[in-house]
Amino acid sequence: MSVEPDRRELFSALPAPRARRRGLVVVLSLFGLFGLALGAALLVARSGRPQHGAPFVTETALTPDEEDPVRVAKRAAQATTALDRVRPRGNYLVVDSYRNRLRLYEDGALKHEAVCSTGTGTILRDPRNGREWIFDTPIGERVIERKVKNPVWAKPDWAFIEEGYLPPSNPEERFDPYSLGDYALYLGNGYIIHGTLFQTLLGRRVTHGCIRLGDKDLELIYRNVRIGTRVYLY
Amino acid sequence: MSGSARASIFTSLLAATAAFAGETTPDPGRVATLRLEAGIAQTPSVYLVLDPPRRVLEIKARGTVLDTIDLRGIEVVTRQPLLAERPTRPVTVPAVWRIVGEPADDHRELIAPVELRPMPKEEEDEESDGAGTTTPAPAGPTPTPTPAPEPEATYRAHLDGGWDLLICEQLPPRGVVERFAAAVRDGWQRLRGEGGDDPPAIALAMAAEDGRRLHHLLRSGTSILVAAGAP
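Protein sequences, first through last, are from chains A and B.
In case it helps, the working numbering puts the first sequence at residues 1 to 234.
In case it helps, the working numbering puts the second sequence at residues 1 to 231.
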């Protein structure tokens, strides 16, 4: 004997016409809101000028003279000779003031690398006259102008102003026989490669522009460079 | 015979020998680049060499490579409406660009004492007493300074010739959705009066750390040699 389901039960399982209409209104409202949001976004995007990246296309502008093979070879040799003339020979130093590394090279080959400390980049302002010092390690080529064993530091004005003191009028009060360590290599304009009392700060940007080295590295550098040695700082 | 005469004869012989032997002559673009570098290297300044085919930026002085930065990409970046893209003009190489406007130095810390006081007598006495002993008088910053603030990894520098140099981690997005989102963001900023039009820029994408360490080298007057030809 088969049992036929009651048709009224089947119809009652479907949503009532009013509920169906409500669902339709909700869906249409959502679509409408989405359309409005998209339209608004399109309007806003129309007034935008976003960054657009295009391939880096180059064109080489050479005269026929510059493309003549014989002249090209000749000019290549001349330029190479000119560059060879200015390239450093023998020992030279390279200071990376961002990574705080000092490297000793001999004819282009790395001989030694040391952790150093370089300038903070801080600005100091003198309240009396507004004069400013920027504690940057310089950039570019310099030469070792002087080598001194057991150096004495003649403290400049900023060393006192930074501590909140007036620079002394008596020059004797400026001499400090401890801070520079055992050796100093002078680069000009007050910049020095020297030792430090704060060995734990090596590898950090904590100086006023000088380059500080640990005791052993400083001695090695002192013994391996002579006056006139080139120093490249970047 | 003078040195310059000898050099001239040598280079002539070299060129002639190379031509006679049928050797491949150097790339004219590379030679033009080399000649420009030979001029820049006469000064003691640090300069940069941008080599687009190798995607490398070299930090150099006197013809010697001091350091190398690998680039993620190089593009010409302009601000354009979303649906009105204009083709960008090619860049003539080899060329020497110079920085004329440094990137902002907002990260620098300022030490500005309000007033200065005389050195205390006690310290002077202590120092003079200790001069003969091993007590050092430390100078400079205290042993536990706060870390120096880092510069931004994304910034612009102005170049002569109207271009900007944009140092960034990521190049502008290429996808349709990302570009539309960027246009909406920029449009919204402009509606609020915050948007601006930057000059067209040569964008160099690199690691954030490389961007930061390049920041202090982009000073006014720094030369950037853009190399031409195949390496």
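Every residue gets a Cβ at the ideal spot worked out from N, C-alpha and C, and that includes glycine.
- Identify which residue in L50(B), A61(B), P26(B) and V76(B) has its Cα closest to the Cα of A76(A). Taking only the C-alpha atoms, the option nearest A76(A) is P26(B).
- Exposure label - I202(B); buried when at least 16 CB within 10 Å: The residue is buried, with at least 16 neighbouring Cβ atoms inside 10 Å.
- Task: Can you grab the Cα-Cα spacing for the pair R131(A) / R87(A), in whole Å?
- Result: 38 angstroms
- So with Cβ pairs under 7 angstroms, would you call W97(B) a contact of chain A? Judged by the 7 angstroms Cβ criterion, W97(B) is not in contact with chain A.
- Three-pair Cβ contact test at 8 angstroms for the region 206 to 218 of chain A versus the region 179 to 193 of chain A: They touch, by the three-pair rule.
- Task: Answer yes if the region 159 to 175 of chain A comes into contact with the region 187 to 198 of chain A, meaning at least three C-beta pairs across the two stretches below 8 angstroms, and no otherwise.
- Result: no
- Message: Quick check on the burial criterion: 16 or more other C-beta atoms within 10 angstroms. Buried or exposed for K121(B)?
- Response: The Cβ neighbour count for K121(B), taken over all protein chains shown within 10 Å, is under 16; the residue is labelled exposed.
- Task: Determine which residues share a DSSP beta bridge with T78(B) and list them.
- Result: H52(A)
- Query: Whose C-beta lies closer than 8 angstroms to the C-beta of R89(A) among residues of the same chain, with five residues either side of it excluded?
  - Reply: Around R89(A): D107.
- Message: Using a 10 Å radius around the Cβ and a threshold of 16 neighbouring Cβ atoms, would you call V91(B) buried or exposed?
- Response: buried
- Item | Proximal residues, the region 58 to 85 of chain B versus chain A, C-beta separation under 7 angstroms | I59, A61, R62, G63, T64, L66, D67, I74, E75, V76, V77, T78, R79, Q80, P81, L82 and E85
- Straight-line Cα distance separating R101(A) from V115(A): Taking the straight line from one Cα to the other gives about 5 angstroms.
- Query: A233(B) by DSSP, collapsed to three states: which one?
  - Reply: The requested residue 233(B) does not occur in the structure, where chain B is confined to residues 1 to 231.
- Task: Can you grab the Cα-Cα spacing for the pair P231(B) / G48(A), in whole Å?
- Result: 40 angstroms
- Message: Below 8 angstroms, how does it come out for the region 59 to 77 of chain A and the region 41 to 48 of chain B: are there three or more Cβ pairs, yes or no?
- Response: no
- Query: For the beta strand (DSSP E) that A61(B) lies in, which residues bound it at each end?
  - Reply: First-last of the beta strand (DSSP E) with A61(B): V56 to A61.
- Query: Counting only beta-carbon atoms, is G130(B) nearer than 7 angstroms to chain A?
  - Reply: Residue placement at G130(B) cannot be trusted, given a pLDDT of 42 that sits under 50; the coordinates are not used to answer.
- Item | CA nearest to the CA of T64(B), picked from A40(A), V26(A) and L110(A) | When only C-alpha atoms are compared, the closest one is L110(A).
- Simplified DSSP state of K155(A), which is helix, strand or coil: coil
- Task: Please go through the same chain and pick out, in chain order, the residues whose beta-carbon is closer than 7 angstroms to the beta-carbon of G162(B), but skip the five residues on each side of it.
- Result: P199
- Message: Quick test of your reading: T118(A) and V95(A), contact by CB under 8 angstroms. State the CB separation rounded to the nearest angstrom.
- Response: 7 angstroms
- Query: According to the Cβ coordinates, are A157(B) and I99(B) closer than 7 angstroms?
  - Reply: yes
- Task: Can you give me the start and stop residues for the alpha helix (DSSP H) that P217(A) sits inside?
- Result: One point to set straight first is that residue 217(A) is Asp, not Pro, in the sequence displayed. Its alpha helix (DSSP H) spans residues D215 to N224.
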